[in-house]
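Chains as they are written, first to last, in the numbering used here: chain A, 1 to 236; chain B, 1001 to 1375.
Heads up, the beta-carbon is just placed ideally off N, CA and C, and yes, glycines get one too.
Okay, so here's the structure we're looking at.
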Ligand SMILES: Nc1ncnc2c1ncn2[C@@H]1O[C@H](COP(=O)(O)OP(=O)(O)O)[C@@H](O)[C@H]1O
Ligand SMILES: [Mg+2]
């Protein structure tokens, strides 16, 4: 098991946001966490990334306990989050955003090679390399956010609603890229409200509701279970 | 109908004066015209005197710039007005004083290799003293940040502000203790001899002590040259660090969004400490340069230059690095010109009037953008 989350409880002050979450992810998988707004998806990813502390429960990555590991050491282990809303550094150029993404890999030659390879994947970013991040369109920002995440050589990529606010054609493109990144060996934990799309590329899925897993299983099964889709995901 | 409705919507006097900034704009126009008139008249009346003032103002402005950068960088990264910054400047001045007067640090190279040309050994000696002052100030700021500010990172901002004022008093009155810097005014010993030159339409020449200054010349000294060169060099180094290096990019990322910076693996606590240290090192250098120019050190010497540099940072747009430099150069000129042409005590009043006018009409300063603060 690459990632194992056991009985995770997270609070925001008095708000009990995650109430004993359990899920896992195998090396090479795409696992999706789906659920309505406010279900606790982003909270889960932020707890994994070390931005939020678990009050109870255990997080394991590659067999090691990372429950209390500081954020920068989690990144160093190869668990990289591409946050909700892209969170591009608007005052930095596209190049600088990528360089900051490689913060823990300060080898100049390696950074150049990595930038070349993300530019191959995202030619639009290459055209805009010297533009400030804040001037990019939503789709370009999402590509930059993913590219920036790839700069730190993720073993496990945590993607928080990569399709949010994008036109359908861009959503298709982003999901194709996600699948491609996975094909090249990176495991992916994908958080989505767009359940249809997420389930169509995922191996397995967990449905979250108010901080708990209410359903889990094979992605295809959940996708083709009309009752499930109706009840938890607001229909097709 | 339409007439009565316009009367009803007519803005109140309060709206006009405060909300639309008429008071500030009016003040700015009046002060601006007065200043312009004064400047043109003085320039025409005595161009050399005027040029002399501009040179003096430039020297002062660069020192303010070095201090103002610390305010603006710290504000940019943790949204704190670090009121103890002026006192770090004071510590820098004292460290250089002790380095020179007690430890003869400025002579180390000439003692080691007496045959080297004195200009070289003096330059190396002066730079060594400056480096020590910068390092100790950086260390001091690191300590202050870890002890006083870091525990308050998530507290309401007013708590950190009050703490900063407390740290400022602590540094001043700790410095005033008999076994620290003493409560006295102490004469500063420069690490080199002053040389003065005069320039006029006929050329340039060295001014021998005791000579009268030739009619119609502007004078400047090696102090001016050293301040300008040292400041410009430090500004260029800072610009390089912030724009080009890994840690500089991390600083800008942290200033923009701390949470996301942590997702990049950036240790934000360390970057914040580093920012405090850079600002303090610049203030330490400024403290030494200021003491070289105005050779007296005392425990509260940081207050007024600190406040003026703060005004400069606000004028330029707090958070903006080029803004701090431009604001400081303007402040230097405003202070020297008003001292020369209005009256010496007026120069402080002018400095703080600038603050009030800026806050009234453009609180974001020259380069500042409207704040994009998160709730
Ligand atoms: N910073 C916060 N402070 C307080 N409550 C929060 C905060 N962030 C999220 N929450 C609450 O935690 C719950 C889960 O939120 P979140 O993880 O953002 O959901 P999702 O990503 O699934 O939309 C929600 O009830 C939300 O209101
Ligand atoms: Mg969310």
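| Query | Result |
| --- | --- |
| On a CA-only basis, which of 7(A), 31(A), 80(A), 14(A) is nearest residue 21(A)? Give me that one, please. | 7(A) |
| Quick one: list the residues of chain A neighbouring residue 1262(B), beta-carbon separation under 9 Å, in chain order. | 49, 50, 51, 70, 71, 72, 75 |
| What I want to know is whether the C-beta of residue 84(A) ends up closer than 7 Å to one or more non-hydrogen atoms of ligand 2. | yes |
| Could you tell me whether the segment 123-133 of chain A touches the segment 161-179 of chain A, using the rule of 3 or more Cβ pairs below 8 Å? | no |
| Can you find at least 3 beta carbon pairs, one from the segment 1250-1261 of chain B and one from the segment 83-95 of chain A, that sit closer than 8 Å? | yes |
| Give the secondary structure of residue 124(A) by DSSP, where H, G and I count as helix, E and B as strand, and everything else as coil. | helix |
| Quick one: what's residue 1196(B) bridged to in DSSP? | 1207(B), 1221(B) |
| With residue 1095(B) and residue 1133(B) assumed to form a contact (beta carbons below 8 Å), what rounded beta-carbon distance in angstroms separates them? | 4 Å |
| When every heavy atom of ligand 2 is checked, does at least one fall within less than 7 Å of the C-beta of residue 1308(B)? | no |
| Which residue wins for smallest C-alpha separation from residue 99(A), given the options 1244(B), 1296(B), 1291(B)? | 1244(B) |
| Apart from the five residues just before and just after residue 1086(B), which ones in its own chain have a Cβ nearer than 6 Å to its Cβ? | 1302, 1303, 1306 |
| Give a single yes or no on whether residue 161(A) has its beta carbon closer than 7 Å to a heavy atom of ligand 2. | yes |
| Is residue 87(A) near ligand 2, judged by its Cβ being under 7 Å from some heavy atom? | no |
| In the DSSP assignment, the alpha helix (DSSP H) including residue 217(A) goes from what residue to what residue? | No alpha helix (DSSP H) contains residue 217(A), which is instead part of the beta strand (DSSP E) from 212-218. |
| Can you check DSSP and say which residues form a bridge with residue 61(A)? | 3(A), 64(A) |
| Given this structure, state the Cα-to-Cα distance separating residue 1064(B) from residue 49(A), to the nearest angstrom. | 42 Å |
| Return no unless some Cβ of chain A is closer than 8 Å to the Cβ of residue 1150(B). | no |
| Verify the CB distance criterion: does residue 1321(B) have a CB-CB separation below 8 Å to chain A? | no |
| Please decide whether residue 1188(B) counts as near chain A, where near means a Cβ-Cβ distance under 8 Å. | no |
| Of all the beta strand (DSSP E) runs that stay within the bounds of the segment 1003-1074 of chain B, which reach a length of 3 or more residues? | none |
| Using the rule of at least 16 other Cβ atoms within 10 Å of the residue's Cβ for burial, across every protein chain shown, is residue 1191(B) buried or exposed? | buried |
| For residue 1091(B) and residue 1136(B), what's the separation of their Cα atoms in angstroms? | 9 Å |
| Which whole runs of the beta strand (DSSP E) in the segment 137-205 of chain A are 3 residues long or more, in chain order? | 156-160, 187-192 |
| Would you check whether ligand 2 has a heavy atom nearer than 7 Å to the C-beta of residue 41(A)? | yes |
| Give a yes or no on whether 8 Å exceeds the smallest Cβ distance from residue 1250(B) to chain A. | yes |
| Any heavy atom of ligand 1 closer than 7 Å to the CB of residue 1256(B)? | no |
| Would you list, in sequence order, the uninterrupted alpha helix (DSSP H) runs of no fewer than 4 residues that lie entirely inside the segment 22-48 of chain A? | 41-48 |
| Beta-carbon within less than 7 Å of residue 1144(B)'s beta-carbon, same chain only, minus the 5 sequence neighbours each way: which residues are those? | 1084, 1167 |
| Once you ignore the five residues that flank residue 1038(B) on each side, which residues in its own chain have a CB closer than 7 Å to its CB? | 1341 |
| Going straight from the alpha carbon of residue 17(A) to that of residue 178(A), what length do you get? | 28 Å |
| Any idea what DSSP makes of residue 1109(B), helix, strand or coil? | helix |
| When DSSP labels each residue in this structure, what does residue 93(A) get in the three-state scheme? | strand |
| Kindly indicate the opening and closing residues of the alpha helix (DSSP H) around residue 1180(B). | That residue, residue 1180(B), is in no alpha helix (DSSP H); it is neither H nor E in DSSP. |
| What is the rounded straight-line gap between the Cα of residue 109(A) and the Cα of residue 1079(B)? | 35 Å |
| Closest by CA to residue 1316(B), which one among 1359(B), 1050(B), 1242(B)? | 1359(B) |
| Determine which residues of the segment 87-104 of chain A have a Cβ less than 7 Å from any Cβ of chain B, and write them out in chain order. | 87, 89, 90, 91, 92, 96, 99, 100, 101, 103, 104 |
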